[in-house]
Every structure is written in C-alpha cells, then in structure tokens.
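Protein chains: 2
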Amino acid sequence: MKLLEDKILNESVVLNDEILKVDGFINHQVDPKLMKEIGEEFAEYFKDRGITKVATIESSGISPALMTALALGVPLIIMKKSPSNVMKTDLFHTEVVSFTKGSSYELTVSKSHISENDHVLIIDDFLANGEASTGAIRLVRKGNATIAGVGILIEKSFQAGRNKLNEAMIEVYSLARIESLKGGIIQFKKQEN
Amino acid sequence: MKLLEDKILNESVVLNDEILKVDGFINHQVDPKLMKEIGEEFAEYFKDRGITKVATIESSGISPALMTALALGVPLIIMKKSPSNVMKTDLFHTEVVSFTKGSSYELTVSKSHISENDHVLIIDDFLANGEASTGAIRLVRKGNATIAGVGILIEKSFQAGRNKLNEAMIEVYSLARIESLKGGIIQFKKQEN
Numbered sequence: 035m036k037l038l039e040d041k042i043l044n045e046s047v048v049l050n051d052e053i054l055k056v057d058g059f060i061n062h063q064v065d066p067k068l069m070k071e072i073g074e075e076f077a078e079y080f081k082d083r084g085i086t087k088v089a090t091i092e093s094s095g096i097s098p099a100l101m102t103a104l105a106l107g108v109p110l111i112i113m114k115k116s117p118s119n120v121m122k123t124d125l126f127h128t129e130v131v132s133f134t135k136g137s138s139y140e141l142t143v144s145k146s147h148i149s150e151n152d153h154v155l156i157i158d159d160f161l162a163n164g165e166a167s168t169g170a171i172r173l174v175r176k177g178n179a180t181i182a183g184v185g186i187l188i189e190k191s192f193q194a195g196r197n198k199l200n201e202a203m204i205e206v207y208s209l210a211r212i213e214s215l216k217g218g219i220i221q222f223k224k225q226e227n
Numbered sequence: 035m036k037l038l039e040d041k042i043l044n045e046s047v048v049l050n051d052e053i054l055k056v057d058g059f060i061n062h063q064v065d066p067k068l069m070k071e072i073g074e075e076f077a078e079y080f081k082d083r084g085i086t087k088v089a090t091i092e093s094s095g096i097s098p099a100l101m102t103a104l105a106l107g108v109p110l111i112i113m114k115k116s117p118s119n120v121m122k123t124d125l126f127h128t129e130v131v132s133f134t135k136g137s138s139y140e141l142t143v144s145k146s147h148i149s150e151n152d153h154v155l156i157i158d159d160f161l162a163n164g165e166a167s168t169g170a171i172r173l174v175r176k177g178n179a180t181i182a183g184v185g186i187l188i189e190k191s192f193q194a195g196r197n198k199l200n201e202a203m204i205e206v207y208s209l210a211r212i213e214s215l216k217g218g219i220i221q222f223k224k225q226e227n
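Residue numbers (the working numbering), protein chains in the order written: chain S, 35 to 227; chain Z, 35 to 227.
Here it is in structure tokens:
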C-alpha cells in the first residue's frame, strides 16, 4: 500500500536493525484518515469470505482493526492482555511468550464473544516473530471459530512471523513489507501477495 | 444520545449499584457503527472550537476517540498506562490514583505529540470519579496545551467526576448520563447540556 509505505519513509524512525518507531502516526499519535484507508484496503482484500468478526490485541491494533470492522460491517473483538494466571472460567486464555522481549503475558477473550459460527479476521499493527498473531489464533480456535486470515500493517519480513503463519496454512496480507532496516535504511520487499 | 441509551438498556448488564458492564458493544466487543455515530456526535458538538487533537487513555477509549478524531479531521493521541516510576525524559507523566480500585498507574504521553499550540478534546468511555479524566487533563497541561472539553460515552452522574471537572471549569459532554443503577434498574438523568 503506497500510502502507508510513503508514511513509513517520511515519518518513521529506524531505532536499530530490528526496530522501527511509528509513534507519530500508528502507535501513539494516530492518523485517523490513514486508518480509514487501511481499514477499507483490508475490507476490500478480505471481502466475500464470510467474515463475521474482526479481532485484534490491545492496544495499538485497535485503530486499524476498528476501521476494518466498520468497512466489513462486522463487530470488533479486542483481546485483552492480562497478568499471567488469570483463571476466570468465562474467559478463553493463552500465554504469549515474547522471545525478543524476554517476557510473557496472558491473552484473554470472553467466551461470549467467540463461537463456532464465527469466521475471524485478525488485524495487528506489526508482524515480527508472530508470537502475538499465533496467540490470537489459538484464542479464536479455543472458541471453535475459524480464521479467515491475518491482516498486518507492517511486516518485518526478515523475521519469522510470516513463515510460521504460512506453515500453519494461515493467509497473511501485509500492507507494507520491510525487507531490511540495516544501516538505518528502510528497504521494502516487492509485494507479491 | 438515544441510540446509545437504547444500546445500554438492551445490551448492558448491571453488576451492582455502581458497575455497568458494556462488554458487548463498547469495551471488549465493539460496535463500529455505533462508534462512528458517537464520533460524529462529539464532532458536531465540539466543532468550531479550534480543536487540534483528540486524546484518550488506552484502551477502551480508543474506538470512540478515533472516530471523533476522524470526524474532526485531527490526529488522535493515545495516552499510555505504564507501571509507576517510568522516568523517561521524553515523556510527560502523571500518577492516576483510583480510589475505588485501590490502585494507581502512571499515565504518559510523548513530549513530541503535545505542544503549546494544541487545543485538546479528551474522549473516554466512562466518567465516574474523574480520576482518569483529570489525569489526562494534567498531562495535556504539562505540554502547555489547552483543554477544549471532555466527551464521555457513559457518565455515572451519582459519582463525583462531573462536579470535579466543572469546578475546574472544564466542560463535559456526556452522551448518556446514568442517575442510578440501584436494584439493577438503569435510570437515566434528563439531559440538560
């Protein structure tokens, strides 16, 4: 998506070879018009697939996921991060381990919001090693719902997330795919999907 | 706002005399069309006031705040909840103490996103004792910005938040004002503002 790639080139900051800071328009200050265009792009790509719900993980995925849900005409589910060992019986929960950060959290969703009749599109801001996305997928499947795909704003193609999801037969649609951040230079991968 | 009041009557759960659960359409599962209408309502009410940014606190205020920012044509700022004692020099921070929950957290915003040229509208889902809203106001003022007002989805009028804000000369516009939840019955206050 050229609009997003241009924003990344003009307004993001490369912190090191692995970290891109997009605080100015996605994560901390949010550009609502960009989010609307992103939502419409995801909705166009994933239309006609019988999607019943969009899901995301709080909190930086909420803005693009809300706009996608609006464009698809379906509800949005916000999966919650909680301290480990939440054991409420009315929640599905799964542990998400971040190897890069060396930390883990419990991801939860209310049992009343996901059922076997649901076909769920997962939206998130970043795809790196796929820990968050695979956690979200586990939660959806605990509710016996099916996965329509994963929509990502910024994919770090030099990390393992996409391969992990593709091996699990999950389709990934990323609006911007970054091949390298080496030397502070943002290099996009040619779009193939 | 009749649409929101009807949703509250039909889809919320009164947990006790003080707590209303709106997990099905605001906090956990989100109704995007309702959020769009809410955003347009706030934008209509607060238009022509020179608002430069909408601000909210992660994460349940993000959806209505994004739609308000979109309708006003300005950026959204997501204030972050962090463990106490975050002392990064590039952040404004303030402590928010919740007397009801008996807990506190550090609310932060990047110094690069709020300046003396900003006139900020704060949007949040609930107004109870006003701890979150007054914390957000303190942060905005640390950046030498001014407050255009506070927009709230659901005000618990039997708690002190509105009075606290009004005493500080802050205008509050609440889309639904609940006078009482006693006995499991939702009673709305007559709208005066």
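Note that CB positions come from ideal geometry on N, CA and C, so glycine has one too.
| How about residue 109 of chain S and residue 69 of chain S: are their beta carbons less than 8 Å apart? | Translated into the one-based positions of the first sequence, residue 109 of chain S becomes position 75. Translated into the one-based positions of the first sequence, residue 69 of chain S becomes position 35. No. Outside cutoff.
| message | Can you look up residue 42 of chain Z in the DSSP assignment and give me helix, strand or coil? | response | Position 8 of the second sequence, counted from the start, is the residue given in the question as residue 42 of chain Z. Looking at residue 42 of chain Z - three-state DSSP - the assignment turns out to be helix.
| With a CB to CB cut of under 8 Å and the five nearest residues on each side skipped, what residues in its chain are close to residue 145 of chain Z? | Working through the second sequence from its first residue, we reach residue 145 of chain Z at position 111. Hits under 8 Å: 124, 125, 126 and 177.
| said: My output table needs one value for residue 133 of chain Z: the three-state DSSP class, helix, strand or coil. | reply: Walking along the second sequence from the start, residue 133 of chain Z turns up at place 99. Here DSSP, grouped into helix, strand and coil, assigns residue 133 of chain Z to coil.
| request: Would you kindly report the start and end of the unbroken alpha helix (DSSP H) that includes residue 245 of chain S? | output: Absent from the model: residue 245 of chain S. The displayed extent of chain S is 35 to 227, so no value can be given.
| task | Decide yes or no for the touch test of the segment 88-95 of chain Z against the segment 46-60 of chain S: beta carbon pairs closer than 8 Å, at least 3 of them. | result | The answer is no - the segment 46-60 of chain S does not touch the segment 88-95 of chain Z, with fewer than three Cβ pairs under 8 Å.
| In the DSSP assignment, what residue or residues form a beta bridge with residue 158 of chain S? | Counting from one through the first sequence, the residue named residue 158 of chain S turns up at place 124. When DSSP reads this structure, residue 158 of chain S sits in a beta bridge with S/186.
| field | Own chain residues within Cβ distance below 6 Å of residue 193 of chain S, not counting five before or after | value | As a first step, residue 193 of chain S must be located in the first sequence, where it is residue number 159. Result list for residue 193 of chain S: 162 and 163, in chain order.
| request: Return the bridge partner residues of residue 35 of chain Z from the DSSP annotation. | output: Reading the second sequence from its first residue, position 1 is the one you call residue 35 of chain Z. DSSP output for residue 35 of chain Z lists no bridge partner at all.
| query | What separation, rounded to the nearest whole angstrom, lies between the Cα atoms of residue 190 of chain Z and residue 214 of chain Z? | reply | Working through the second sequence from its first residue, we reach residue 190 of chain Z at position 156. Working through the second sequence from its first residue, we reach residue 214 of chain Z at position 180. Between residue 190 of chain Z and residue 214 of chain Z, the C-alpha separation is close to 8 Å.
| Coil, strand or helix - residue 219 of chain S by DSSP | Numbered from 1 along the first sequence, position 185 holds the residue referred to as residue 219 of chain S. In the structure shown, the three-state DSSP call for residue 219 of chain S is coil.
| Within 8 Å (strictly less), CB to CB, does residue 64 of chain Z reach chain S? | Along the second sequence, one-based indexing puts residue 64 of chain Z at 30. So yes, residue 64 of chain Z belongs to the interface.
| Three-way DSSP call (helix, strand, coil) for residue 141 of chain Z in this model | Taking the first residue of the second sequence as 1, we reach residue 141 of chain Z at position 107. Per DSSP, reduced to three states, the secondary structure at residue 141 of chain Z is strand.
| Would residue 181 of chain Z count as contacting chain S if we go by Cβ distances under 8 Å? | Residue numbering aside, residue 181 of chain Z sits at position 147 when the second sequence is read from its first letter. So, not an interface residue.
| By DSSP, does residue 47 of chain S sit in helix, in strand, or in coil? | The count along the first sequence starts at 1 and reaches residue 47 of chain S at position 13. The answer is strand: DSSP assigns residue 47 of chain S an E or B state.
| message | Helix, strand or coil, according to DSSP, for residue 69 of chain S in the structure here? | response | If you number the first sequence from 1, residue 69 of chain S lands on position 35. Helix.
| First through last residue of the alpha helix (DSSP H) which encompasses residue 174 of chain S | Start at 1 with the first residue of the first sequence, and residue 174 of chain S comes out as number 140. Residue 174 of chain S -> alpha helix (DSSP H) spans 165-176.
| said: So if I threshold CB-CB distances at 8 Å, which residues from the segment 63-82 of chain S count as touching chain Z? | reply: Listed in chain order, the positions of the segment 63-82 of chain S with a beta carbon within less than 8 Å of a beta carbon of chain Z are 63, 64, 65, 66, 67, 69 and 70.
| query | Would you report the Cα separation of residue 116 of chain Z and residue 129 of chain Z, rounded to the nearest angstrom? | reply | Numbered from 1 along the second sequence, position 82 holds the residue referred to as residue 116 of chain Z. Numbered from 1 along the second sequence, position 95 holds the residue referred to as residue 129 of chain Z. The alpha-carbon atoms of residue 116 of chain Z and residue 129 of chain Z are separated by roughly 10 Å.
| So, helix, strand or coil for residue 86 of chain Z, using DSSP? | Counting from one through the second sequence, the residue named residue 86 of chain Z turns up at place 52. In this structure, residue 86 of chain Z counts as coil in the three-state DSSP scheme.
| Whole-angstrom Cβ separation of residue 217 of chain S and residue 80 of chain S, contact assumed at under 8 Å? | Working through the first sequence from its first residue, we reach residue 217 of chain S at position 183. Working through the first sequence from its first residue, we reach residue 80 of chain S at position 46. In fact, because the Cβ distance is near 35 Å, the residues do not count as touching under 8 Å.
| field | Boundaries of the alpha helix (DSSP H) in which residue 101 of chain S is found, first to last residue | value | Looking up residue 101 of chain S in the first sequence gives position 67. That run of the alpha helix (DSSP H) goes 96-106.
| query | Quick one: what's got a C-beta closer than 8 Å to residue 159 of chain Z's C-beta in the same chain, skipping five residues either side? | reply | Counting from one through the second sequence, the residue named residue 159 of chain Z turns up at place 125. For residue 159 of chain Z, the CB contacts under 8 Å within the same chain, skipping 5 residues up- and downstream, are 56, 60, 61, 94, 95, 98, 186, 187 and 188 in chain order.
| request: Check the Cβ of residue 39 of chain Z against every Cβ in chain S and list those closer than 7 Å, keeping chain order. | output: By one-based count along the second sequence, residue 39 of chain Z stands at place 5. Within chain S, no C-beta atom comes nearer than 7 Å to that of residue 39 of chain Z; the closest sits roughly 20 Å away.
| query | Is it right to say residue 101 of chain Z is buried, meaning 16 or more other beta carbons lie within 10 angstroms of its own, or is it exposed? | reply | As a position in the second sequence, residue 101 of chain Z is number 67, starting the count at 1. With 16 or more other Cβ atoms within 10 Å, it is buried.
| CB residue 42 of chain S to CB residue 210 of chain S, shorter than 8 Å? | The residue given as residue 42 of chain S occupies position 8 in the first sequence. The residue given as residue 210 of chain S occupies position 176 in the first sequence. Residue 210 of chain S sits close to residue 42 of chain S, with the two beta carbons spaced by under 8 Å.
| query | Closer than 7 Å, Cβ to any Cβ of chain S: which residues of the segment 84-98 of chain Z, in chain order? | reply | Cβ contacts with chain S: 92, 93, 96 and 97.
| Excluding the five sequence neighbours on either side, which residues of its own chain have a C-beta within less than 8 Å of the C-beta of residue 207 of chain Z, listed in chain order? | Position 173 of the second sequence holds residue 207 of chain Z. Only 76, 79, 80, 183, 184, 185, 186 and 227 meet the Cβ criterion.
| task | Within 10 angstroms of the Cβ of residue 65 of chain S, are there 16 or more other Cβ atoms? Answer buried if so, exposed if not. | result | Position 31 of the first sequence, counting from 1, holds the residue named residue 65 of chain S. Burial call: buried.
| Backbone CA spacing between residue 40 of chain S and residue 155 of chain S [nearest angstrom] | The residue given as residue 40 of chain S occupies position 6 in the first sequence. The residue given as residue 155 of chain S occupies position 121 in the first sequence. Computed Cα separation, rounded: 26 Å.
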